[in-house]
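In the numbering used here, the protein residues as written are 21 to 447. C-beta atoms are modelled at their ideal positions from N, C-alpha and C, and glycine is treated no differently. None of the values given here were measured: they were computed from a predicted structure. Here the structure is laid out as structure tokens; the discussion comes afterwards.
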Ligand code: ATP
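Written out as structure tokens, the structure is:
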């Protein structure tokens, strides 16, 4: 049996993963469950609270062994927990629960696979999801405007590539107070677990704690459960009430796909290879903008101020450079918000050699008169002067925004050598 849950928390209260953790604890007393999932969906959804994440649980059954009474108990436990830990007072919180039987899941794998793609790439409606839920014989509960069922089914339908996140939770009595974590121990943990954990630090600053007063103490992302458990042991912090490892699509680029410029539309994630056709320019607010073209069209690409030093790479691009832009398409203005950049090839740049054989300097006298040496008065035609190649001060390869400006879904370059299709191979 599959259970999907989404949209239970607000910026002030709770966290959907906390419901997942409590349910794991409860249900594991009587049933066997797979590792739970924390799945991020299209980051361009406007009404998301934080990272557009939903969760799903899977009660493992051999031969549909759950009795009707089991199923009833499970559903009641889920509903009770969601109702207890959802912030119904918040206008923007619209919980949704989906129950899907083992049989319906396996009969509808293709439909679920397609749904997962659309929940990552597109903006879906409640009606669209509801129609599919009825088609695949799922049971669901919509609270308030029902948005939560979109992500609840999204979490159930997710497929590799995956990574993990180990989440720790605080005692309820301290929710909302300052989190006590020894920064140095996080730096130490990062050093000891690299490259098997990621996005722990921005420079030397730990970024593993949320900014909201939610039950989460910290989260460590990684690709090995063993390493994550070791990492938790290295971190010195206040008392941890509970912890749970989730399988997740964070750090996988699951929201991006290769697309030609003419096919692009707003609010979707793309990978676009093309040539720089307009030099980077500075935009008010510290943002940097340049234009690329492929064989179907042109599009602006923007690197926002919070991406900090990443903009220095963008600033060095020049007309003719061949790049791959990874990011999401904004509607207004229509442009790609860059998450990552691949410099495929740098256009060679040349300058004129203005040193004369006599040691003097060749001065330009205009297009018609060419150059004249200031010492020996030697003259050279404008187009006869020799040139030399200027060394570019960037290199071919991948560049990514700083960790604190990264989307949950963005794949860090440090994970490029790992196979995230079969995630348990690193344990
Ligand atoms: P948190 O990360 O704190 O759990 P959140 O950022 O996940 O919060 P939600 O409160 O879950 O934000 O709100 C996101 C809403 O968007 C949910 O109702 C979810 O069902 C819905 N949603 C998810 N993906 C899509 C999509 N592709 N199209 C439309 N709605 C979506």
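DSSP on residue i, reduced to helix/strand/coil?
i: residue 226; result: strand
i: residue 331; result: helix
i: residue 375; result: strand
i: residue 257; result: strand
i: residue 92; result: helix
i: residue 216; result: coil
i: residue 233; result: coil
i: residue 184; result: strand
Could you say which of the options lies nearest to residue i if we only look at CA atoms?
i: residue 23; options: 315, 33, 31 and 75; result: 75
i: residue 30; options: 45, 71, 48 and 82; result: 71
i: residue 336; options: 190, 296 and 325; result: 296
i: residue 278; options: 291, 269 and 285; result: 291
i: residue 425; options: 52, 238 and 331; result: 331
i: residue 409; options: 376, 366 and 310; result: 366
i: residue 347; options: 187, 338, 21 and 63; result: 63
When the Cα atoms are used, what is the spatial distance from residue i to residue j?
i: residue 209; j: residue 218; result: 11 Å
i: residue 215; j: residue 388; result: 60 Å
i: residue 422; j: residue 222; result: 7 Å
i: residue 445; j: residue 38; result: 27 Å
i: residue 200; j: residue 206; result: 12 Å
i: residue 111; j: residue 27; result: 11 Å
i: residue 433; j: residue 355; result: 23 Å
i: residue 191; j: residue 44; result: 18 Å
i: residue 312; j: residue 293; result: 8 Å
i: residue 380; j: residue 363; result: 39 Å
i: residue 160; j: residue 147; result: 13 Å
i: residue 428; j: residue 357; result: 15 Å
i: residue 173; j: residue 157; result: 12 Å
i: residue 154; j: residue 298; result: 50 Å
If you measure from the CB of residue i, is any heavy atom of the ligand ATP nearer than 7 Å?
i: residue 65; result: yes
i: residue 209; result: no
i: residue 269; result: no
i: residue 29; result: yes
i: residue 143; result: yes
i: residue 22; result: no
i: residue 349; result: no
i: residue 70; result: yes
i: residue 41; result: no
i: residue 167; result: yes
i: residue 171; result: yes
What is the C-beta distance between residue i and residue j, in whole angstroms, given that I count them as a contact (C-beta under 8 Å)?
i: residue 246; j: residue 141; result: Wrong, their Cβ atoms sit about 33 Å apart, outside the cutoff.
i: residue 420; j: residue 360; result: 5 Å
i: residue 41; j: residue 182; result: Residue 41 to residue 182, Cβ: 18 Å. No contact.
i: residue 319; j: residue 281; result: 5 Å
i: residue 47; j: residue 91; result: Actually they are not in contact, since the Cβ atoms of residue 47 and residue 91 sit about 12 Å apart, beyond 8 Å.
i: residue 257; j: residue 189; result: Not confirmed; about 12 Å, so no contact.
i: residue 178; j: residue 125; result: Going by Cβ atoms, the distance from residue 178 to residue 125 rounds to 12 Å, so no, they are not a contact pair.
At the 8 Å Cβ level, is residue i part of the contact set with chain D, yes or no?
i: residue 248; result: Going by chain labels, chain D is absent from the structure shown, which holds only one protein chain.
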